[in-house]
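**Q** One structure coming up, written as structure tokens, with questions to follow.
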Amino acid sequence: MKLTKFQQEMLDGKHGEDKQFCMDKLVDFGDAVEAKEMVPLVLTLNGVPIWTKNRRTPEMMKKLAIYDLGHSALYDPIFAMKDAHVADKECTMCGSDPYLMQLDKYDVPNSGPWNFEIPGKGSFKIDEQIHKDYKAGYEKASQQGWLHWLSCTPYFNTCIPKMGEYCASSESSAACYINTILGARTNRESAVNTVYCAYTGCLPKYGTMLDENRAAKCIVEIDDEVRDNVQGAADWAALGACIAEKADNRIMAVLNLPKKMGPMATKQIVSCASPGMNDPMMHLMGYTPESPTLEAAFKGKMPKNPERAKVIMDDVVEMFQRLNNLVPAPGPDNAKPVDIVIMGCPHLTFEEVREIAHRLRGKKVKEGVKLWVQTDTPSYHMAHHYGDAKIIEDAGGKIYHQTCMVMTPMRHYPPGLTVATDSFKYTKLGSGFGQKWIFANPDALINAAITGVFTPTARWDYWKQPKEMRQANEKDKPLYLLPGAI
1355 MKLTKFQQEM LDGKHGEDKQ FCMDKLVDFG DAVEAKEMVP LVLTLNGVPI WTKNRRTPEM
1415 MKKLAIYDLG HSALYDPIFA MKDAHVADKE CTMCGSDPYL MQLDKYDVPN SGPWNFEIPG
1475 KGSFKIDEQI HKDYKAGYEK ASQQGWLHWL SCTPYFNTCI PKMGEYCASS ESSAACYINT
1535 ILGARTNRES AVNTVYCAYT GCLPKYGTML DENRAAKCIV EIDDEVRDNV QGAADWAALG
1595 ACIAEKADNR IMAVLNLPKK MGPMATKQIV SCASPGMNDP MMHLMGYTPE SPTLEAAFKG
1655 KMPKNPERAK VIMDDVVEMF QRLNNLVPAP GPDNAKPVDI VIMGCPHLTF EEVREIAHRL
1715 RGKKVKEGVK LWVQTDTPSY HMAHHYGDAK IIEDAGGKIY HQTCMVMTPM RHYPPGLTVA
1775 TDSFKYTKLG SGFGQKWIFA NPDALINAAI TGVFTPTARW DYWKQPKEMR QANEKDKPLY
1835 LLPGAI
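In terms of this note's numbering, the sequence shown is numbered consecutively and its last residue is 1840.
If you want it as structure tokens, here you go:
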């Protein structure tokens, strides 16, 4: 690999023990992936470590097996080095993904996924020693220059890479958004590399950082009926899932998207990256900066007859049905009791928080049901400043930041809980942890939180009809129809 003068100096130890240690790891990795050079990074995203002096004791090893993602021990040697510091002088912003809890509400009962009780079904609270050691890792990382975004969506309001810049993200949906919507370049990076990237400010150039690995390999076209009717957060997530499935683990060029898609829609559509795609990259024609034309999406190597697939409304409806049958919630189809209603994977935008508050104004969450609203830190404080958080909390819901439900050990939650969400990622990846799952749009979710029962709507009945019947019954189409009203 060809190194710059400064990169070679880091490897030679001229800029500190921490940078030499991390460069040595990255050079080994670069050799393994046959990279020809390193690239400078503007963003590194990784998790806060659990920092403990008793990592190898049998008792602590049992706890870490429950709570640690496997990345924490990588920080230990760096934390022990004198004057170790992330590479922010090289203009690399190094921040953290959401993890175990909102730190200032650890001891607050029923405050969120880290500390709650559901009457008659059980309770969960993160271990006290883990809380202490997680906080110690947070503080030590802060001393070494980490910026604690504790968000999976820092690209919205904290660190916004520009087209052509390079990033290292261990969060898959963030990586896909950075590649697809911003035009910067990243891989779905490992939590190993991102530790070393933070202290060096560079990474071997490989994977979807390379032009040839960003090219579209097929075309997925959205049917007009889908384009004109997909609106809710779950709709967009299901559409992303359909696109990923049609592309069959190939980077795709997506045609016939709506002319206007806001932050919620683009966030949700690319959130299929972790559950549904190998490469965190989509060419959303009309949105992806490096793809003004199909030829550009194929990097000038477009076949005469590229493989094409189409997403129709029946595909979206079928995706909803499939996700709702991964681990089906108990109860009749028209009335399924719920325990937890959660929105915010990826983290909610402030716009989404405000919409939830609008729908909850003057209403009350059913006693015994948890309504959890996850967002990033800027949106959390804006919601408190402008009164939206108070509306949510007055209704009996909880709004919080810094964490993510699947970062807590859900397999240790009380057994048999029913969770309703608009997150494709939660439903797909969380379906093996012991809960029952409902996948639905925000309006249906809020109704479930208020009534305690998830009830499909007349809109859903309309969309379950065959296309020919929908066309025949067009005059009966409900106002503000959503294909995923369930």
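Where a beta carbon is used, it is the ideal one built from N, C-alpha and C, also for glycine.
With a CB to CB cut of under 7 Å and the five nearest residues on each side skipped, what residues in its chain are close to residue 1746?
**A** So the list reads 1710, 1711, 1714, 1727, 1753, once near-sequence residues are dropped.
**Q** Check for me: the alpha helix (DSSP H) holding residue 1708 runs from which residue to which?
**A** Counting along the chain, the alpha helix (DSSP H) containing residue 1708 begins and ends at 1704 to 1714.
**Q** Keeping to the same chain, check which residues put their C-beta closer than 6 Å to that of residue 1649; ignore five residues upstream and five downstream.
**A** Taken in chain order, the residues that qualify are 1656.
**Q** In its own chain, which residues sit with a C-beta less than 6 Å from the C-beta of residue 1519, not counting the 5 before and 5 after it?
**A** Taken in chain order, the residues that qualify are 1396, 1538.
**Q** Residue 1376 and residue 1553 - do their beta-carbons sit closer together than 7 Å?
**A** Yes, Cβ-Cβ distance for residue 1553 and residue 1376 is below 7 Å.
**Q** Sorted by chain position, which residues of the same chain lie with C-beta nearer than 8 Å to residue 1833's C-beta, five sequence neighbours on each side aside?
**A** With a pLDDT of only 40 at residue 1833, under 50, the local geometry of the prediction cannot be trusted, and the value read off the model is given with reservation. Once the five neighbours on either side are set aside, residue 1833 has no close Cβ partner at all.
**Q** What's the C-alpha gap between residue 1810 and residue 1689?
**A** Between residue 1810 and residue 1689, the C-alpha separation is close to 8 Å.
**Q** What's the call for residue 1692, buried or exposed, on a 16-neighbour Cβ count within 10 Å?
**A** The residue in question, residue 1692, is buried, as its Cβ has 16 or more Cβ neighbours within 10 Å.
**Q** For residue 1729, which beta-bridge partners are listed by DSSP?
**A** Partner(s): 1702.
**Q** Following the continuous alpha helix (DSSP H) through residue 1672, name the residue where it begins and the one where it ends.
**A** Taken as a continuous stretch (DSSP letters only), the alpha helix (DSSP H) holding residue 1672 covers 1667 to 1677.
**Q** Short of 6 Å in beta carbon distance, which residues of its chain neighbour residue 1531, apart from the five on each side in sequence? Order them along the chain.
**A** So the qualifying residues of the chain are 1509, 1624.
**Q** Compare the Cα-Cα distances from residue 1517 to each of 1504, 1399, 1418, 1540 and report the closest residue.
**A** Closest by alpha carbon: 1540.
**Q** Any chance the segment 1490 to 1505 sits against the segment 1447 to 1457, with 3 or more Cβ pairs inside 8 Å?
**A** Yes: the two stretches touch, three or more of their Cβ pairs being nearer than 8 Å.
**Q** By Cβ distance, which residues of its chain are closer than 6 Å to residue 1663, with the 5 residues on each side in sequence left out?
**A** 1574, 1600.
**Q** Please list the terminal residues of the continuous alpha helix (DSSP H) segment that includes residue 1471.
**A** Taken as a continuous stretch (DSSP letters only), residue 1471 belongs to no alpha helix (DSSP H), being part of the beta strand (DSSP E) at 1469 to 1472.
**Q** Could one say the Cβ of residue 1457 lies closer than 7 Å to chain C's Cβ atoms, at least one of them?
**A** Absent from the structure is chain C; it holds one protein chain and no more.
**Q** For residue 1536, which residues of its own chain have a beta-carbon under 8 Å away from its beta-carbon, when the five flanking residues on both sides are left out?
**A** Cβ neighbours of residue 1536 beyond the five flanking positions: 1509, 1514, 1515, 1516, 1517, 1643.
**Q** With DSSP run on the structure shown, which of helix, strand or coil describes residue 1555?
**A** It is coil, neither helix nor strand.
**Q** Kindly give me the distance between the Cβ atoms of residue 1484 and residue 1576, rounded to whole angstroms, as I take these residues to be in contact under 8 Å.
**A** Not quite, the Cβ-Cβ distance comes to about 45 Å (not below 8 Å), so this is no contact.
**Q** Going by DSSP in three states, residue 1633 sits in which element: helix, strand or coil?
**A** Of the three classes helix, strand and coil, the one that applies to residue 1633 here is coil, per DSSP.
**Q** Thinking just about the alpha-carbon of each residue, which of 1461, 1706, 1572, 1431 is nearest to the one in residue 1616?
**A** Nearest C-alpha to residue 1616: 1706.
**Q** Would you mind reading off the limits of the alpha helix (DSSP H) that contains residue 1476?
**A** First-last for residue 1476: 1476 to 1479, but that is the beta strand (DSSP E), not the alpha helix (DSSP H).
**Q** For residue 1360, which residues of its own chain have a beta-carbon under 6 Å away from its beta-carbon, when the five flanking residues on both sides are left out?
**A** Correct list: empty, nothing qualifies.
**Q** Measuring CA to CA, which of 1529, 1474, 1544 is closest to residue 1383?
**A** The shortest C-alpha separation from residue 1383 is found at 1544.
**Q** Taking just the CA atoms, how far does residue 1529 sit from residue 1595?
**A** In a straight line, the C-alpha of residue 1595 is about 16 Å away from that of residue 1529.
**Q** When you compare the CB positions of residue 1472 and residue 1454, do they come within less than 7 Å of one another, or not?
**A** No, the Cβ-Cβ distance between residue 1472 and residue 1454 is not below 7 Å.
**Q** Comparing alpha-carbon positions, which option in 1776, 1392, 1521, 1667 lies nearest residue 1579?
**A** Of the listed residues, the one whose Cα sits closest to residue 1579 is 1667.
**Q** For residue 1838, is the classification buried or exposed, using 16 other Cβ atoms within 10 angstroms of its Cβ as the cut-off for buried?
**A** Because the pLDDT at residue 1838 is just 40, under 50, the model does not fix this residue reliably, and the value given afterwards should be weighed accordingly. Classification for residue 1838: buried.
**Q** I need the straight-line Cα distance from residue 1511 to residue 1699, nearest angstrom please.
**A** So the two alpha carbons sit approximately 16 Å from each other.
**Q** Where does residue 1587 sit, in a helix, a strand or coil, going by DSSP?
**A** Looking at residue 1587 - three-state DSSP - the assignment turns out to be helix.
**Q** Using the beta-carbon count (16 or more within 10 Å), is residue 1420 buried or exposed?
**A** Exposed, by the Cβ-count rule.
**Q** Residue 1810 by DSSP, collapsed to three states: which one?
**A** DSSP places residue 1810 in coil when its eight states are reduced to three.
**Q** Near residue 1437, which residues of its chain fall below 7 Å by C-beta distance, leaving aside the five closest residues on each side in sequence?
**A** Taken in chain order, the residues that qualify are 1370.
**Q** Determine the closest residue to residue 1546 out of 1618, 1641, 1430, with distance taken between C-alpha atoms.
**A** The shortest C-alpha separation from residue 1546 is found at 1430.
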